[in-house]
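FYI, full-length UniProt numbering numbers position 16 of the sequence shown as 16, with every residue one higher than the one before it.
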Amino acid sequence: MSDEFVGEIRLFPYFRGAPLNWAVCNGQTLNISDNTQLFSLIGTTYGGNGTTNFALPNLNGRLPVGKGQLTGGSNYTLGQSGGIDAISLTPAQGVAHDHAFRVSSTVATQPGPASTVLFSALADPTKRFAVPTTTNPTYSALAESALTDEGGSAAHNNVMPSICILYCICLNGVYPQQN
């Protein structure tokens, strides 16, 4: 490996643990007295009491995002976490739509649908469609009892496609010079 900076985070494609002088970014707390250089860089940004210990970033199951302001959106600060693994959608979050369709008041005369026939009043259970008597049939909404809710209240997975890899932070290395 080339010279690594204290506090640098790298990805490792194996799961035998962190390499020498590195620690897994899993939110663990470290003693300040054993890691003074790293503590001087990240402090309690990711947790800890700041007196005897501090925490490493927890990147288990998390997607890192860059610090700063999104165009027209949120402002992300170091150590801030957000997002949720699963979400329950409400009807208000669905696309606005209705269930109106064209119908005829003429008694049904046809056994099946076609481009020239419409739903109609039932006189014969084998015939459900009628040839319209006007060129502009009216739109009608289905009765509330004719529609049922679909889905349910269970949360659905809200995680984008991903691949698991090991994030580690450098404990000992070159101390980064800051501007």
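The beta carbon of each residue, even a glycine, is placed where N, CA and C say it ideally should be. Please read these numbers as outputs of a predicted model, since none were measured by experiment.
Query raised in the report: Do you know how far the Cα of residue 10 is from the Cα of residue 44?
Result: By one-based count along the sequence shown, residue 44 stands at place 44. By one-based count along the sequence shown, residue 10 stands at place 10. Their backbone Cα atoms lie some 20 Å apart in a straight line.
Requested in this report: Check the C-beta distance from residue 84 over to residue 158 and give it rounded, since I have them as a contact under 8 Å.
Outcome: For the purposes of this step, residue 84 is taken as residue 84 along the sequence shown, with counting starting at 1. For the purposes of this step, residue 158 is taken as residue 158 along the sequence shown, with counting starting at 1. That belief holds up - the Cβ atoms of residue 84 and residue 158 are roughly 6 Å apart, short of 8 Å.
Query raised in the report: If you pair each beta-carbon of the segment 164 to 178 with each one of the segment 32 to 48, do three or more pairs fall below 8 Å?
Result: yes
Query raised in the report: Based on the DSSP secondary-structure assignment, which residues constitute the bridge partners of residue 68?
Result: Locating residue 68 in the sequence shown gives position 68, counting from the first residue. The partner list for residue 68 (beta bridge, DSSP) reads 76.
Query raised in the report: How long is the line joining the alpha carbons of residue 154 and residue 57, rounded to whole angstroms?
Result: Your numbering for residue 154 matches position 154 in the sequence shown. Your numbering for residue 57 matches position 57 in the sequence shown. Approximately 31 Å between the Cα atoms of the pair.
Query - Option in 162, 89, 7 and 14 with minimal Cα separation from residue 46 - result: As a working mapping, residue 46 is identified with position 46 in the sequence shown. For the set 162, 89, 7 and 14, the Cα lying nearest the Cα of residue 46 is the one of 7.
Query raised in the report: Given a threshold of 16 other Cβ atoms within 10 Å of its Cβ, counted over all protein chains shown, does residue 14 qualify as buried or as exposed?
Result: Here residue 14 corresponds to residue number 14 of the sequence shown, with the count starting at 1. It counts as exposed.
Report task. On a CA-only basis, which of 64, 95 and 71 is nearest residue 162? Give me that one, please. Result -> Stepping through the sequence shown from its first residue, residue 162 is reached at position 162. Residue 162 has its Cα closest to that of 64, out of 64, 95 and 71.
Query - Three-state secondary structure (DSSP) of residue 29 - result: As a first step, residue 29 is located in the sequence shown; it is residue number 29 there, counting from the start. Note: residue 29 maps to strand in three-state DSSP.
Query raised in the report: Looking only at DSSP bridge pairs, what is residue 97 linked to?
Result: Locating residue 97 in the sequence shown gives position 97, where the first residue counts as 1. Note: residue 97 sits in no beta bridge, so no partner.
**Report entry** DSSP three-state assignment for residue 11, whether helix, strand or coil
**Finding:** In the sequence shown, counting from the first residue as 1, residue 11 sits at position 11. DSSP places residue 11 in strand when its eight states are reduced to three.
Requested in this report: May I ask which residues mark the beginning and end of the alpha helix (DSSP H) holding residue 38?
Outcome: Reading the sequence shown from its first residue, position 38 is the one you call residue 38. Here the alpha helix (DSSP H) through residue 38 covers 36 to 42.
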